[in-house]
Structure formats: C-alpha cells, structure tokens
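Visitor: Be aware that the sequence shown starts at 4, since it is given in this note's numbering, and climbs by one per residue.
For every residue, glycine included, the Cβ atom is placed at its ideal position computed from N, Cα and C.
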Amino acid sequence: MRLLIFPITLVILSGCSMFEHRDFSREMGFGQLQYVDEPTFMANRDFMVVAGDDGRDFRSNQEINSRTPASALSREEAMYQQSLKRELFALENSLDDAQYADYVRYRGSLGSISEHIYFLKLSPGARRGYLQSKGLTKGSHVISNNYPSQHRIPANVTLGMGKADISRSWGQPRFKEYAGDPDEQNERWIYSHGGVTRMIYFEGGQVAGWETVQR
Numbered sequence: 004m005r006l007l008i009f010p011i012t013l014v015i016l017s018g019c020s021m022f023e024h025r026d027f028s029r030e031m032g033f034g035q036l037q038y039v040d041e042p043t044f045m046a047n048r049d050f051m052v053v054a055g056d057d058g059r060d061f062r063s064n065q066e067i068n069s070r071t072p073a074s075a076l077s078r079e080e081a082m083y084q085q086s087l088k089r090e091l092f093a094l095e096n097s098l099d100d101a102q103y104a105d106y107v108r109y110r111g112s113l114g115s116i117s118e119h120i121y122f123l124k125l126s127p128g129a130r131r132g133y134l135q136s137k138g139l140t141k142g143s144h145v146i147s148n149n150y151p152s153q154h155r156i157p158a159n160v161t162l163g164m165g166k167a168d169i170s171r172s173w174g175q176p177r178f179k180e181y182a183g184d185p186d187e188q189n190e191r192w193i194y195s196h197g198g199v200t201r202m203i204y205f206e207g208g209q210v211a212g213w214e215t216v217q218r
C-alpha cells in the first residue's frame with residue numbers, strides 16, 4: 004500500500020501541471036494597476052448603454068442617505084421630500100406649453116419645492132400677482148380702501164405681517180389653501196364679497212403679497 008502512495012501522488016501532481024496560472028487581480032481586471040483604477044465592468048466596453056443612461060457608475064452621498072437613512076426621523080424627512088417631488092412633477096406635467104414656458108422663466112427664482120407647488124396651484128391671475136409680490140415682474144399689488152363689507156377692511160397691510168395681525172384686521176378668510184406641509188405656513192387666504200375677491204399670500208406665516216380680483 005505504501006508503494007502505491009508515491010505513484011498516485013505523482014499522477015495527481017502531473018495532472019494539475021497543465022492548468023493555467025490564474026491571478027485574482029488579473030482575472031478581475033486587466034493587470035493589478037488597471038484593476039485598481041478601473042471598475043470591473045465599463046459601459047460601452049463590457050455592455051451596451053441604453054437610452055437615458057448617463058454612464059454614471061456611482062451613487063452620491065445624498066442618494067445613499069436617502070436609501071439608507073440614519074434614523075426614523077431622517078427616513079420620514081426623506082419620504083416627505085419624495086412626496087413633494089412627486090407632487091411637483093404632477094403639477095408641472097399638467098401645464099400646457101405656454102404655461103410651462105412662463106413657469107420655466109421664473110422657476111429658478113421661486114425658492115423651495117414647496118414654493119414651486121404653491122405657485123403652480125394658483126390660478127393664472129394669482130400667479131402673476133405672486134410674481135409681482137416677489138419682485139420678479141413689473142407692477143405692484145395695491146389694496147383698495149373701497150372693499151365692501153360689514154367691517155371696513157384696512158389698507159395697512161404690509162409685507163412681513165403675521166397671520167394673527169391679518170386676522171385681527173381682516174377677520175377670518177372664506178377659504179384657506181396650503182402649499183405642501185401646513186406646518187410650513189405657506190398659505191393663501193381668500194376673502195370674497197360683492198364680486199370682489201382679495202387674496203393674501205403667506206410664506207412661513209408672514210405676508211408675501213396680495214391681490215385683488217374684480218369679477
């Protein structure tokens with residue numbers, strides 16, 4: 004039996020002698036240096052690029068954090084931001100060509116996503132007034148002293164006034180509209196009487212502009 008061990012071992016070693024030497028770094032890349040500098044697979048070299056693929060083969064820190072939030076609060080914030088983006092996307096798609104062209108002209112100056120949503124939810128006339136209140140278009144909003152109601156509505160409304168000040172002067176509005184999260188206090192208060200509609204716009208709970216519409 005001992006005499007057979009040596010011939011068997013020799014046969015096994017001889018059988019492996021014809022195997023090609025394989026290096027891990029060489030098999031995974033194209034030489035050790037290239038393996039370090041290049042990814043294992045490259046677009047347009049190892050596979051075709053489909054339409055819409057920008058060729059980016061990494062994720063930004065923002066993308067990583069959104070996919071793997073550090074806490075439950077971060078996850079809720081990420082989900083809320085995603086819901087705002089979906090809402091904004093739907094509103095943008097609802098615009099016709101002319102409205103979209105006007106929107107693109109001022110989109111970079113509207114501020115946060117919530118402000119974009121607030122703007123797009125306004126009527127065309129109210130959008131013009133909102134742009135004027137932010138100084139993006141010519142003209143200004145003027146509040147008339149001839150508003151017909153039981154209590155005379157004062158004209159001393161200025162930018163930066165709080166909602167409590169408006170409630171004391173104007174009373175409670177007929178309608179309140181919110182842009183995004185109500186806690187952010189981006190709102191539009193609507194007062195209507197005798198064919199005259201007045202709208203006050205709030206950003207963060209402070210007056211950002213106003214408009215009067217005659218029917």
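Got a sec, what are the start and stop residues for the beta strand (DSSP E) Met-82 sits in?
Guide: Not the beta strand (DSSP E): Met-82 falls in the alpha helix (DSSP H), residues 75-96.
Visitor: Where does Leu-13 fall in DSSP's three states?
Guide: In the structure shown, Leu-13 sits in a helix (DSSP, three-state: H, G or I).
Visitor: In whole angstroms, give me the CA-to-CA distance for Val-199 and Ser-126.
Guide: If you take the alpha carbons of Val-199 and Ser-126, they lie about 16 Å apart.
Visitor: If you pair each beta-carbon of the region 175-195 with each one of the region 108-128, do three or more pairs fall below 8 Å?
Guide: Touching, yes.
Visitor: Is Glu-214 buried or exposed, if buried means 16 or more other CB atoms sit within 10 Å of its CB?
Guide: Buried.
Visitor: Note down the Cα distance separating Ser-147 from Ala-81, rounded to an integer number of angstroms.
Guide: Caution is warranted here: a pLDDT of 38 is assigned to Ser-147, below 50, making its placement in the model unreliable, and the coordinate value is therefore given only provisionally. Going from the Cα of Ser-147 to the Cα of Ala-81 covers about 44 Å.
Visitor: In chain order, what residues of the same chain have a beta carbon less than 7 Å from the beta carbon of Leu-134, not counting five sequence neighbours either side?
Guide: Answer for Leu-134: Tyr-109, Thr-140, listed in chain order.
Visitor: Rank Ala-75, Phe-50, Gln-209 by C-alpha distance to the C-alpha of Gln-188 and give the top, closest one.
Guide: Ranking Ala-75, Phe-50, Gln-209 by Cα distance to Gln-188 puts Gln-209 first.
Visitor: For the candidate residues Asp-100, Ala-167, Phe-205, Pro-72, whose alpha-carbon lies nearest to that of Tyr-227?
Guide: The first residue shown for the chain is 4 and the last is 218, placing residue 227 beyond what the model contains.
Visitor: Hey, how far is the Cα of Arg-171 from the Cα of Ser-195?
Guide: Spanning the two alpha carbons is a distance of roughly 17 Å.
Visitor: Have a look at Ala-73, Gly-174, Gly-212, Ile-11 and flag the residue whose alpha-carbon is nearest the alpha-carbon of Glu-190.
Guide: The residue with the shortest Cα to Cα distance from Glu-190 is Gly-212.
Visitor: In the DSSP assignment, find the beta strand (DSSP E) that holds Ser-195 and state where it starts and stops.
Guide: Residues 190-196.
Visitor: Out of Ser-136, Lys-124, Phe-50, Ile-67, state which residue places its alpha-carbon closest to the alpha-carbon of Ser-112.
Guide: Comparing Cα positions, the closest option is Ser-136.
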